[in-house]
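*Asks:*
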Amino acid sequence: MKKRWDEPYIRKTKYNDRIRLKEGIFLHTYCPHCGNSLIEGNRIVLTAVNMEDEQGVLELSPYLNIFEHKSSIKIPSGMELKDLKCPHCNESIVHPEVRCGYCNSRTAQLMVAAVQNRVPFLICIREGCKWHGITPEDEEILIQDGSDEW
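Residue numbers (my numbering): 7 to 156.
The structure is reproduced here in structure tokens:
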């Protein structure tokens with residue numbers, strides 16, 4: 007059976023035989039304000055501010071559903087960050103309205119692209135919470151962008 011060229015990017019699910027983004031796919035990540043890439047080496051690099059007003063570097067994995075991270079400042083387990091900023095323009099990327107779907111913490115918005123189109127991607131800013139989200143409409147944009155059938 008011939009494999010599709012986009013197989014590394016998408017997979018079928020049982021529910022309604024929908025196509026979904028594959029776990030572990032590399033997400034090209036950009037600032038929602040200045041549009042600069044947040045990828046340095048093989049990490050997403052952001053400026054984090056903890057509740058004690060300490061500012062430092064937060065590195066996240068750019069791979070979907072891979073939750074590895076490290077920080078140059080102390081972020082105790084369960085602590086919500088005071089702010090999360092773009093290291094290029096220093097603008098806050100904390101979303102003014104959207105709350106975490108797991109713990110109701112504030113979220114931060116990044117722009118991501120799996121292939122070409124950039125779409126909003128939300129992450130929880132509480133240490134240890136793994137909630138992240140993308141709207142079904144935006145997921146369809148990413149899937150269609152990576153498909154040779156559209």
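Backbone N, C-alpha and C fix where the C-beta goes; we use that ideal spot for every residue, glycine too.
Here the structure is a predicted model, which is why all the values come from computation and not from measurement.
#1: Can you find the residues in the same chain that come closer than 6 Å, C-beta to C-beta, to L116, ignoring five residues on each side of it along the sequence?
#2: For G107, which option in I79, T141 and S78 has the closest C-alpha, if you only look at C-alpha atoms?
#3: Under three-state DSSP, which class holds K9?
#4: Looking only at its chain, what residues have a beta carbon closer than 7 Å to the beta carbon of V133, apart from the 5 residues adjacent to it on each side?
#5: From the DSSP output, which residues share a beta bridge with H138?
#6: Going by the DSSP bridge assignment, what does M117 pair with across the sheet?
#7: Taking only the alpha-carbon atoms, compute the straight-line gap between H138 and Y69 and give it to the nearest angstrom.
#8: For I73, I'd like the list of residues in its chain whose CB is within less than 6 Å of its CB, leaving aside the five on either flank, ordered along the chain.
#9: Contact criterion: CB-CB distance below 8 Å. Does I81 meet it with respect to chain B?
#10: Quick one: Cα of C92 to Cα of I31, how far?
#11: Run through the DSSP bridge pairs and tell me what I81 is partnered with.
*Replies:* The relevant details are as follows:
#1: Position 110 of the sequence shown, counted from the start, is the residue given in the question as residue 116. The residues are T35 and F127.
#2: Here the question's residue 107 lines up with position 101 in the sequence shown. Of I79, T141 and S78, the residue nearest in Cα terms is T141.
#3: Counting from one through the sequence shown, the residue named residue 9 turns up at place 3. Confidence in K9 is poor, its pLDDT being 48 and thus under 50, which makes the residue's placement unreliable; the coordinate value appears in the next sentence. The answer is coil: DSSP assigns K9 none of H, G, I, E or B.
#4: Counting from one through the sequence shown, the residue named residue 133 turns up at place 127. What sits at residue 133 in the sequence shown is Glu, not Val. Around E133: I81, P82, S83, G84 and M85.
#5: Working through the sequence shown from its first residue, we reach residue 138 at position 132. Note: H138 sits in a beta bridge opposite I129.
#6: Here residue 117 refers to the residue found at position 111 when the sequence shown is read from its first residue. In the DSSP output, where bridge partners are listed per residue, M117 has Y36 and P126.
#7: In the sequence shown, counting from the first residue as 1, residue 138 sits at position 132. In the sequence shown, counting from the first residue as 1, residue 69 sits at position 63. Going by the C-alpha atoms only, they are around 12 Å apart.
#8: The residue given as residue 73 occupies position 67 in the sequence shown. The displayed chain sequence assigns Phe, not Ile, to residue 73. Closer than 6 Å at the Cβ level, and outside the excluded window around F73, lie K136.
#9: Chain labels in this structure do not include chain B; a single protein chain is all it has.
#10: For the purposes of this step, residue 92 is taken as residue 86 along the sequence shown, with counting starting at 1. For the purposes of this step, residue 31 is taken as residue 25 along the sequence shown, with counting starting at 1. Each residue's alpha carbon lies about 22 Å from the other.
#11: Walking along the sequence shown from the start, residue 81 turns up at place 75. The partner list for I81 (beta bridge, DSSP) is empty, contrary to what the question assumes.
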